[in-house]
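Protein sequences, first through last, are from chains A and B.
Quick note: the first sequence uses my numbering, first residue 1, plus one each step.
Quick note: the second sequence uses my numbering, first residue 1001, plus one each step.
As structure tokens, the structure follows; a few thoughts come after it.
Protein chains: 2
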Amino acid sequence: MGAKAEKTKEKIRAAAYELFAAKGFKQVTMSDLCEQTGLSRGGLYRYYSGTGEIFSEILTEEYAVEDRIRTGERARVILDDMLRVIMQEISDREHSLSLAIYEYASLGNEALFTRITGRAKARWEALIRYGMETDGFQKVNPAQAADLILYYYQGLRMWSRVIPLGEAEAEFYVKTVRQMLLGGAPDYGAYENTI
Amino acid sequence: MGAKAEKTKEKIRAAAYELFAAKGFKQVTMSDLCEQTGLSRGGLYRYYSGTGEIFSEILTEEYAVEDRIRTGERARVILDDMLRVIMQEISDREHSLSLAIYEYASLGNEALFTRITGRAKARWEALIRYGMETDGFQKVNPAQAADLILYYYQGLRMWSRVIPLGEAEAEFYVKTVRQMLLGGAPDYGAYENTI
Chain A
1 MGAKAEKTKE
11 KIRAAAYELF
21 AAKGFKQVTM
31 SDLCEQTGLS
41 RGGLYRYYSG
51 TGEIFSEILT
61 EEYAVEDRIR
71 TGERARVILD
81 DMLRVIMQEI
91 SDREHSLSLA
101 IYEYASLGNE
111 ALFTRITGRA
121 KARWEALIRY
131 GMETDGFQKV
141 NPAQAADLIL
151 YYYQGLRMWS
161 RVIPLGEAEA
171 EFYVKTVRQM
181 LLGGAPDYGA
191 YENTI
Chain B
1001 MGAKAEKTKE
1011 KIRAAAYELF
1021 AAKGFKQVTM
1031 SDLCEQTGLS
1041 RGGLYRYYSG
1051 TGEIFSEILT
1061 EEYAVEDRIR
1071 TGERARVILD
1081 DMLRVIMQEI
1091 SDREHSLSLA
1101 IYEYASLGNE
1111 ALFTRITGRA
1121 KARWEALIRY
1131 GMETDGFQKV
1141 NPAQAADLIL
1151 YYYQGLRMWS
1161 RVIPLGEAEA
1171 EFYVKTVRQM
1181 LLGGAPDYGA
1191 YENTI
């Protein structure tokens, strides 16, 4: 596929992302996407066969962690980049895909989510192992640590559709993950003065 | 209210719980509940004015943590009891209210969820402080630790509607919370043999 086609697909995915975040999965139609992107029906279908294909492509976009490990970047730098993205996502309640994910999963796409979860886990475990081997990460159980990172994040992301979560929750998340992987005293005194 | 009325209300809430877990919030009607409980329409409305009242009562049922602290029970015992309940809930995918919570929140019940979240947080913070003062809990920031406990749990609970989660995820959760509060080496060697 040429660069122009790639660009059009990106534009479609970006428009679809907004719609899925706002309306969930089921309520978004290919017609909505024509309207949003300015593409004709024929033009849109040239790139995607339906909203399911678009959504599943959005969900499988990945951080290039393995590539960065291979090129020998420092584990702490990769970690901080990942945490920065996550922090933005948590604070950005309007763009949570959680509701759409629920709906799409309930339509029988469990295999897709099993694959996505497995890959995300493998990515985090690889980074944690790499950090332990090369960059002084704390000795943790990589699978256990990856679970905390992923499900704690999912909880924040999903719960932010239920009540507004602020910067504070995102900061605690980042702090907890960094303390777990990099160590350092939990600065409980900075927040509370109760003990 | 007499003991008999209290018992009927409990029966209604138990039946409603099953329905909300299975169908979400919006799709459950008072008629469904009559059918499920065997109560007449008039009988049901004597206790509850609608499904919203029932759902909100289910959501605000609470662990009696503060009472147990007041009577001087050991913090570790209370902690283990709470973790046992949570572990059952995580493994019991069919009974997750997550979808119903989403739907109910989207109907404009944010204030209720803000209150519930605040109370759950206060309860955990109280237990953590009590444990630090009286039962050798690790020195942590209580608010930060409570966030991990609550949102990591929410993530597991909600994600278990998307893909099946097993005992393993529940065990990692309990292990992580116990290590954070009670200390002890992360037994990474028991799971993986990679470093």
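Glycine is no exception: its CB is placed at the ideal position from the N, C-alpha and C atoms.
Taking the alpha-carbon positions, what's the residue i to residue j distance?
i	j	result
residue 137(A)	residue 72(A)	15 Å
residue 95(A)	residue 163(A)	14 Å
residue 20(A)	residue 1171(B)	33 Å
residue 1098(B)	residue 1159(B)	9 Å
residue 78(A)	residue 68(A)	7 Å
residue 90(A)	residue 176(A)	15 Å
residue 1120(B)	residue 1139(B)	20 Å
residue 1104(B)	residue 1063(B)	22 Å
residue 75(A)	residue 145(A)	15 Å
residue 147(A)	residue 23(A)	29 Å
residue 1178(B)	residue 1112(B)	30 Å
residue 47(A)	residue 9(A)	7 Å
residue 1132(B)	residue 1184(B)	15 Å
residue 157(A)	residue 93(A)	8 Å
residue 1165(B)	residue 115(A)	13 Å
residue 1002(B)	residue 1034(B)	21 Å
residue 109(A)	residue 1041(B)	39 Å
residue 180(A)	residue 141(A)	11 Å
residue 1054(B)	residue 25(A)	28 Å
residue 127(A)	residue 149(A)	12 Å
residue 1130(B)	residue 1011(B)	35 Å
residue 49(A)	residue 39(A)	14 Å
residue 1100(B)	residue 1031(B)	18 Å
residue 1135(B)	residue 70(A)	46 Å
Determine the extent of the alpha helix (DSSP H) in which residue i is found, giving its start and end residues.
i	result
residue 1093(B)	Segment: none, residue 1093(B) is in no alpha helix (DSSP H) and carries neither H nor E.
residue 1172(B)	1167–1182
residue 114(A)	110–134
residue 1042(B)	1041–1047
residue 52(A)	51–59
residue 21(A)	3–23
residue 1142(B)	1142–1159
residue 1062(B)	First-last for residue 1062(B): undefined, no H or E at that position.
residue 237(A)	Residue coverage of chain A in this structure runs from 1 to 195, which leaves residue 237(A) outside it and unanswerable.
Could you give the C-beta distance for residue i and residue j, rounded to a whole number, given that I count them as a contact under 8 Å?
i	j	result
residue 13(A)	residue 66(A)	So it is not a contact: roughly 22 Å between Cβ atoms.
residue 1059(B)	residue 1174(B)	Incorrect: roughly 23 Å between the Cβ atoms, too far for contact.
residue 1037(B)	residue 1051(B)	Between residue 1051(B) and residue 1037(B) the Cβ distance is about 13 Å, and since that is not below 8 Å, they are no contact.
residue 1152(B)	residue 151(A)	5 Å
residue 950(B)	residue 155(A)	One cannot answer for residue 950(B) here, as it falls past the ends of chain B, which runs 1001 to 1195.
With 16 other CB atoms within 10 Å as the buried threshold, where does residue i fall?
i	result
residue 161(A)	buried
residue 118(A)	exposed
residue 1085(B)	exposed
residue 189(A)	Reliability of the predicted coordinates at residue 189(A) is poor, the pLDDT of 39 falling under 50, and no value is obtained from them.
residue 45(A)	exposed
residue 16(A)	buried
residue 88(A)	exposed
residue 107(A)	exposed
residue 6(A)	exposed
residue 1168(B)	exposed
residue 61(A)	exposed
residue 18(A)	exposed
residue 1125(B)	buried
residue 43(A)	exposed
residue 4(A)	exposed
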